[in-house]
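Novice:
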Amino acid sequence: MRPSGRNLSEMRAITIETGVMRHAEGSCLIRVGDTQVLCSASIEEKAPPFLRGTGKGWVTAEYGMLPRATNTRNRREAAAGKQGGRTVEIQRLIGRSLRAGVDLRALGERQIVVDCDVIQADGGTRCASITGGWVALRLAMNRLVEAGMVSSDPMLEHVAAVSCGIYAGQPVVDLDYAEDSEAGTDGNFVMTGTGRLIEVQMSAEGATFSRDEMGALLDLADAGVSELVAAQKAAL
1 MRPSGRNLSE MRAITIETGV MRHAEGSCLI RVGDTQVLCS ASIEEKAPPF
51 LRGTGKGWVT AEYGMLPRAT NTRNRREAAA GKQGGRTVEI QRLIGRSLRA
101 GVDLRALGER QIVVDCDVIQ ADGGTRCASI TGGWVALRLA MNRLVEAGMV
151 SSDPMLEHVA AVSCGIYAGQ PVVDLDYAED SEAGTDGNFV MTGTGRLIEV
201 QMSAEGATFS RDEMGALLDL ADAGVSELVA AQKAAL
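If you count the sequence shown from 1, position 113 lands on 113 in our numbering, and the numbers rise without skipping.
1. Could you name each continuous beta strand (DSSP E) segment of 3 residues or more that falls completely within the region 142-188, going from the start of the chain to the end?
2. Work out the CA separation of residue 152 and residue 108 for me, nearest whole Å.
3. Is it true that the CB of residue 37 sits closer than 8 Å to the CB of residue 116?
4. Is residue 59 helix, strand or coil by DSSP?
5. With DSSP as the reference, please indicate the residues paired to residue 39 in a beta bridge.
6. Which class does residue 17 belong to by DSSP, given the choice of helix, strand or coil?
7. Contact check, residue 185 vs residue 209 under 8 Å by CB: the rounded distance?
8. Starting from the C-beta of residue 64, find all residues in its chain whose C-beta is less than 6 Å away, skip the five residues before and the five after it, and write them out in chain order.
9. Whose C-beta lies closer than 8 Å to the C-beta of residue 62 among residues of the same chain, with five residues either side of it excluded?
10. Straight-line CA distance for residue 198 to residue 59?
11. According to the neighbour-count rule (16 or more other Cβ atoms, all chains shown, within 10 Å of its Cβ), is residue 189 buried or exposed?
12. Closer than 7 Å to a non-hydrogen atom of the ligand FMN - does that hold for the CB of residue 120?
13. Should residue 171 be labelled buried (16 or more other beta-carbon atoms within 10 Å of its own) or exposed?
14. CB residue 194 to CB residue 227, shorter than 8 Å?
15. Just to confirm, are residue 24 and residue 70 a CB contact at a threshold of 8 Å?
16. Could you tell me the boundaries of the alpha helix (DSSP H) in which residue 216 lies?
17. For the alpha helix (DSSP H) that residue 104 lies in, which residues bound it at each end?
18. Count the other C-beta atoms from every protein chain shown that fall within 10 angstroms of the C-beta of residue 139, then say buried if there are 16 or more, exposed otherwise.
19. Leaving aside the five residues before and after residue 101 along the sequence, list all residues of the same chain whose C-beta is less than 6 Å from its C-beta, in chain order.
20. How about residue 245 and residue 221: do their beta carbons lie closer than 8 Å?
21. Find out if the Cβ-Cβ distance for the pair residue 235, residue 18 is shorter than 8 Å.
22. CB-CB under 8 Å to residue 72, same chain, minus the five flanking residues each way: which ones, in chain order?
23. Taking the DSSP output, what are the residues bridged to residue 65?
24. Need the endpoints of the beta strand (DSSP E) that residue 79 sits in, please.
25. Taking the alpha carbon of residue 130 as the reference point, which residue from 16, 2, 110, 205 has its own alpha carbon closest?
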C-alpha cells in the first residue's frame with residue numbers, strides 16, 4: 001500500500017490555474033497533490049548573443065524554491081551568493097524540455113524566460129515545473145500569435161513530465177515525498193503529448209532495477225503524461 005493510499009498507477013490530483021500573474025505574458029499555478037509551483041513566461045524582444053543574426057529564438061528557464069516550501073526552512077540561494085548544483089541542474093532540465101516542443105526558428109530572434117518558483121514541495125517539483133512551465137509558455141506564445149508577431153505558431157507539441165519509481169518493490173507513478181525518500185529506484189520522464197520521449201532520468205537509489213521494471217515504469221509514465229496533457233488542455 002502506498003502511504004497516500006493511491007493505486008500503483010494512480011496520479012495525484014492535478015489542477016492548473018492560469019492567468020495568476022498580472023504582468024507576465026503567460027502564467028499559471030500548478031498543483032500536483034501538495035506540490036505547488038508558480039510558473040510564468042516572459043517575452044524578451046532580443047535573442048541571446050550566441051543566436052543573434054541566426055533568425056532563431058530561445059527558450060530558457062529559471063527554478064527556485066521558497067524558504068518554507070519544505071518541512072524546514074532552506075536559506076535563500078541569493079543570500080548564499082550562488083545557486084546550488086541541484087537548482088542549476090533542474091532549471092537546465094526545464095529549459096531543455098520546453099525547447100523540445102518549440103520551433104525556435106518560427107519564434108524569431110527573441111527569448112522567452114520561464115520562471116518556476118516552488119511554493120510548496122511534496123515530491124515531483126521538477127516535473128510539475130515542466131508541466132506548468134509549458135502552460136505558461138503556451139499562453140505567452142498565444143500573445144505573439146494574436147499580435148501577428150510571428151508568421152506561424154512556434155509551439156510544436158505539448159510537453160509534460162512525471163516521476164515514476166520502485167517503491168516497496170512495486171513500480172509506482174507520481175511519487176510524493178514519502179515515496180521519493182524511500183524509493184529503491186527513482187526516475188523522471190519528460191515526454192511530448194504524442195508519447196515521444198524527451199528525457200529520462202533514472203537511478204538506482206537503493207536497489208538495481210531490471211529491464212522489465214524499466215518497461216513497467218515507462219508504461220506508467222506514458223499514462224501519467226497523458227493525464228497531465230489532458231489537464232494542460234483543460235486549463236487552456
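Even glycine gets a Cβ: it sits at the ideal position worked out from N, Cα and C. Remember, predicted model here, so these are calculated numbers, not experimental data.
Specialist: Straight from the coordinates:
1. Qualifying beta strand (DSSP E) stretches, in chain order: 159-167, 170-173.
2. 10 Å
3. yes
4. strand
5. DSSP lists 28, 116 as partners of residue 39.
6. strand
7. 4 Å
8. Closer than 6 Å at the Cβ level, and outside the excluded window around residue 64, lie 117.
9. Excluding residues within five positions, the ones whose Cβ falls inside 8 Å are 91, 113, 114, 115, 116.
10. 15 Å
11. buried
12. With respect to the ligand FMN, the structure offers nothing, as it holds no ligand at all.
13. It counts as buried.
14. no
15. no
16. Run containing residue 216: 211-235, per the alpha helix (DSSP H) assignment.
17. 104-107 is the span of the alpha helix (DSSP H), which, as asked, contains residue 104.
18. So residue 139 ends up on the buried side.
19. Result list for residue 101: 156, 157, 159, in chain order.
20. Nothing about residue 245 can be read from this structure; the chain reaches only from 1 to 236.
21. Yes; because the gap between Cβ atoms is below 8 Å, this pair is in contact.
22. none
23. 118
24. Here residue 79 belongs to no beta strand (DSSP E); instead the alpha helix (DSSP H) covers 77-80.
25. 16
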